[in-house]
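Counted the way mature numbering (1 follows the signal peptide of the UniProt record, and there is no 0) counts, the sequence shown spans residues -23 to -1, 1 to 544.
Some notes on the structure that comes next.
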Amino acid sequence: MKSSLLTFTLATGLALTSSFAAAADRITGHHFATRSEVMAPDAMAATSQPLATQVALDIMQQGGNAIDAAIAANAVLGLVEPTGNGIGGDLFAIVWDAETEQLYGLNASGRSPQSLSLAYFQDNGFDSIPARGVLPLSVPGAVDGWFELHEKFGQLPMEQVLAPAIAYARKGFPVTEVIAYYFERNAAVLADQPGFAKVFMADGQPPQKGERFKNPDLANTLEKIAKGGRDVFYRGEIARTIGDFVAEHGGFLSYDDLAQHTSTWVEPVSSNYRGYDLWELPPNTQGIAAQQILNILENFDLAAMGYDSPEYIHHFVEAKKLAFEDRAKYYADPEFAAAPVEGLLDKGYAKQRAQLIDPEQAADAYEPGNPPTEGDTIYLTTADQQGNMVSLIQSNYRGMGSGVTPDGLGFVLQNRGELFALEEGHANVYAPAKRPFHTIIPAFVTKDGKPVMSYGVMGGATQPQMHAQILINMIDFGMNLQEAGDAPRILHTGSSQPTGEQMTDGGVVSLENGFSKHTRRELIKMGHTLQEAVGPYGGYQAIWKDHKENVYYGASESRKDGHAAGF
């Protein structure tokens, strides 16, 4: 099979890339669909790794609910996909609770070290916070997030919930293809970080595709957490190990920083797009950027433009640029700088911003607006027989984070602190005990007050762009849940950033394979700079609830290793 594929490629000159997973001929659906939606009557899980999906289903079959299943799946993903997440990172979640028929939002992101000041970076000549090593560390919030979710909604004991991850960590698991690729990429830049090679490069190289990888240190850590609760991580021996290790290597994150950590239950915020309410979490996340994009685009007839049209892509990119100018200026830890969320999501404000779009010419730059003042990563989703639905996202940032891997614990610490600005007066400027601007965002959709969809698309600044595109694909272009994720994606990079960078050249547009040459040519005529990109288009998972038939639909990202499954 491999040789015939190679012969075909060489003979035709066609390049087969992973940037867009083209499907084989299918008798139904769009030509780019890779598979049918998964359907099940009682429960559904969608993750980026098959073992995690299966664990989520197993937990629900053992009597657990969607919240238990989400925690269990997240724990497994931290083991099998450490290239995107782990207990050294942060967590955000939106939960639909069937009993109260309400949405709940959890911000389980950590804060910067109390002993590290802005003056340290200024005095040492830093223009930005480094991406690797001990300086970008912030408190990992994921474990506290698990226990907050479990205490409020969980049904099974935490020891039972974490048991599958512990078992896989001890006996090992086969590394899947895409994750092996990202292991290789991360190892190339993190091999010299403290403790990294000992855990993730034991034989001098990162785990290879199909290799049975074990992480006994992580098994021991998860076992302690399962038995001792969140305090063993934040106030016990794990916290002391982290603090001592970081201090030994010249860093600032301390035992006291972990001991004082708390998560925050927050009110999700909504914005209606053509009859559907999209719910996101407020800053310090970037969730409302997706809503701002959709609010702007609601002023245009995208369906009439057509999916593969220069008009649609042009308007999408310009709306993204406008939303990201506000993102760069206003999004930050609300305890330090409260963003005018209501104003940013105001429909009248969106209409004003939409009027700035020239339908025939790409803009090199936009100014942030003046809204009214009133008033790499994993994503997973689960749903259960009771009607509970969980939208959960968790990350180390930049793949395997800082690379700093404390002795004997089996996980890397995140590098979220890189996302602070160093410009005095900026809403997101570095300060001690402050949460950085955050890229990871879970999403949820309701219609007429009923839960219909939990979804997310992992991938840094890609996320709000793809949150918007998924809904546009479904609502404006009539795609089903799987097709909406399989469809070729639009990615704009180069916008102004919450870390202080300013867009002056219009940025760059990357289009996955599947958009026509005509569309690409017309976009260039409009002044857009097009550039090929492989891999940065995100990772999608979704669950849809059909209330009429009382069944769940599941969809999973064809660009990743996982799948959706149910029972």
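Built from N, CA and C at the ideal position, the CB exists for glycine as well.
Put simply, the stretch 288 to 303 touches the stretch 314 to 334. At least three CB pairs are less than 8 angstroms apart. In the DSSP annotation of this structure, residue 16 is not part of any alpha helix (DSSP H); the continuous beta strand (DSSP E) holding it starts and ends at 15 to 17.
The beta-carbon distance between residue 62 and residue 372, rounded to whole angstroms, is 5 angstroms. This is short enough to meet the 8 angstroms contact definition. By the neighbour-count criterion, in which 16 or more other beta carbons inside 10 Å mark a residue as buried, residue 455 falls on the exposed side. If you draw a straight line from the Cα of residue 531 to the Cα of residue 86, it comes to about 28 angstroms. Inclusion of residue 113 and residue 436 in the CB contact set at 8 angstroms is not warranted, their separation being larger than that value. Between residue 254 and the set 109, 524 and 425, the nearest pair of CA atoms involves 425.
Burial check for residue 102: the Cβ neighbour count within 10 Å stays below 16, so the residue is exposed. Residue 183 sits in coil when the DSSP states are folded into three classes, being neither helix nor strand.
A residue is called buried when at least 16 other Cβ atoms come within 10 angstroms of its Cβ; residue 24 meets this threshold and is buried. In this structure, the beta-carbon distance from residue 310 to residue 493 does not fall below 8 angstroms. Secondary structure note for residue 451: its alpha helix (DSSP H) is the uninterrupted segment 439 to 452. By alpha-carbon distance to residue 358, the top candidate from 200, 228, 279 and 21 is 21. In this model, residue 443 and residue 434 are separated by some 6 angstroms (Cα to Cα).
If you ignore the 5 residues before and after residue 347, its C-beta comes within less than 7 angstroms of no other C-beta in its own chain. Between the stretch 508 to 526 and the stretch 378 to 391, the count of Cβ pairs shorter than 8 angstroms is below three; the stretches do not touch.
Rounded to the nearest whole angstrom, the C-alpha separation of residue 210 and residue 120 is 8 angstroms. With a threshold of 16 other beta carbon atoms within 10 Å, residue 525 falls short and is exposed. Excluding the 5 residues flanking it on each side, residue 14 has same chain C-beta neighbours closer than 7 angstroms at 457, 458, 459, 530, 531 and 532, in chain order.
Taking residue 307 as the centre and dropping the five residues before and after it, the same chain places the C-beta of 316, 317, 321 and 404 closer than 7 angstroms to its C-beta, in chain order. In this structure, residue 44 lies near residue 367, with their beta-carbon atoms less than 8 angstroms apart.
Put simply, the backbone Cα of residue 463 is about 7 angstroms away from that of residue 534.
For residue 422, the secondary structure class from DSSP, reduced to helix, strand or coil, is strand. Taking 8 angstroms as the cut-off, the Cβ atoms of residue 268 and residue 303 do not count as close. The beta strand (DSSP E) runs of length 3 or more contained entirely in the stretch 244 to 317 are, from start to end of the chain, 246 to 250 and 253 to 257. In this structure, DSSP gives residue 157 a helical state, which the three-state scheme calls helix. Under the three-state reduction of DSSP, residue 506 is assigned to coil, being neither helix nor strand. Beta-bridge pairing by DSSP links residue 69 to 84 and 370. Between the C-alpha atoms of residue 328 and residue 289 there is a straight-line separation of about 17 angstroms.
Residue 21 sits in a strand when the DSSP states are folded into three classes. As computed with DSSP, residue 415 is found in a beta bridge with 262. In terms of Cβ geometry, residue 375 and residue 392 form a close pair [threshold 8 angstroms].
Per DSSP, the unbroken alpha helix (DSSP H) holding residue 193 starts and ends at 193 to 205. By the neighbour-count criterion, in which 16 or more other beta carbons inside 10 Å mark a residue as buried, residue 226 falls on the exposed side. Following the DSSP letters along the chain, one finds residue 518 inside the beta strand (DSSP E) bounded by residues 516 to 523. Here DSSP, grouped into helix, strand and coil, assigns residue 144 to helix.
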